[in-house]
Structures are given as C-alpha cells and as structure tokens.
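Under my numbering, the first residue of the sequence shown is numbered 977, with each subsequent residue one higher.
The beta-carbon is built from N, C-alpha and C at its ideal position, and this holds for glycine as well.
Encoded as structure tokens, the structure appears first; notes follow it.
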Amino acid sequence: MRPVAAEPPLAGAKEVDDAATRVAEVGGAGAEEDAGAEVRVEAPWDGYDDMTAAQIQQRLSGAGREVAAAVSLYEGSRRARRSVVRAADRRVRVLSTR
C-alpha cells in the first residue's frame, strides 16, 4: 500500500495548535482533594424537623410527587428514617403511574 500524500492547505486556512494550554487555575492548595458536587436540600415544609415519622407519613398521604421526592431527598441526607424514606418513595411511585 502506497502512502497518501498530504493535501496542501486551503488558501487562507489557519494552523491549529493542539498543545495543551492552561487557561486558569481556580481554588487554593489542596482544592482538588475536596472537589465534588455539593447539594443542599431544604426541609420540605416548615416544622418538618420537629415532626415524628408517623406525622410525616400521614402528611405524605396527601402530598404531591414533588413534595414526596423532596421528603425522600431531605430525609435521606439527614436522619434517614427508613419508614419515612420508604413512604416518600412509595408516594412518588404511585403518583408517577397516574
């Protein structure tokens, strides 16, 4: 197989430099060790943190899908009460099938 000769560049074409160029460095020393996403989830409603698991489950029975999803996220990142997370996830599933 014969090598193919490179075509001459088009008139007016510019050469591209493929070398890496540092554009900016952000963060202090050691910042790469702490790099990662940070998600902050607010309480789904006022007074949530003072409620018992049973009270939250009762309120979930009439909650919309977005509120139930917020409960699941918030509870999962805080006290992680399994009964509350299961109730919230179940509510989301029920409302998602409608």
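- prompt: Secondary structure at Gly1052, three-state DSSP: helix, strand or coil?
  reply: In the three-state scheme derived from DSSP, where H, G and I count as helix and E and B as strand, Gly1052 is classed as helix.
- request: Grab the span of the alpha helix (DSSP H) containing Asp1065 for me, first residue to last.
  value: Here the alpha helix (DSSP H) through Asp1065 covers 1058-1072.
- request: Answer yes or no: do Val1068 and Ala1045 have a C-beta to C-beta separation smaller than 8 Å?
  value: Yes, they are a contact pair.
- prompt: Three-state secondary structure (DSSP) at Ala1014?
  reply: The question names Ala, yet the displayed sequence has Glu at residue 1014. In this structure, Glu1014 counts as coil in the three-state DSSP scheme.
query: Which whole runs of the alpha helix (DSSP H) in the stretch 1017-1046 are 4 residues long or more, in chain order?
result: Counting only runs of 4 or more, we get 1029-1036.
message: What does the alpha-carbon distance come out to for the pair Val1017 and Val1070?
response: Approximately 23 Å, taken between the alpha carbons.
- request: Within 10 angstroms of the Cβ of Gln1034, are there 16 or more other Cβ atoms? Answer buried if so, exposed if not.
  value: Result: exposed.
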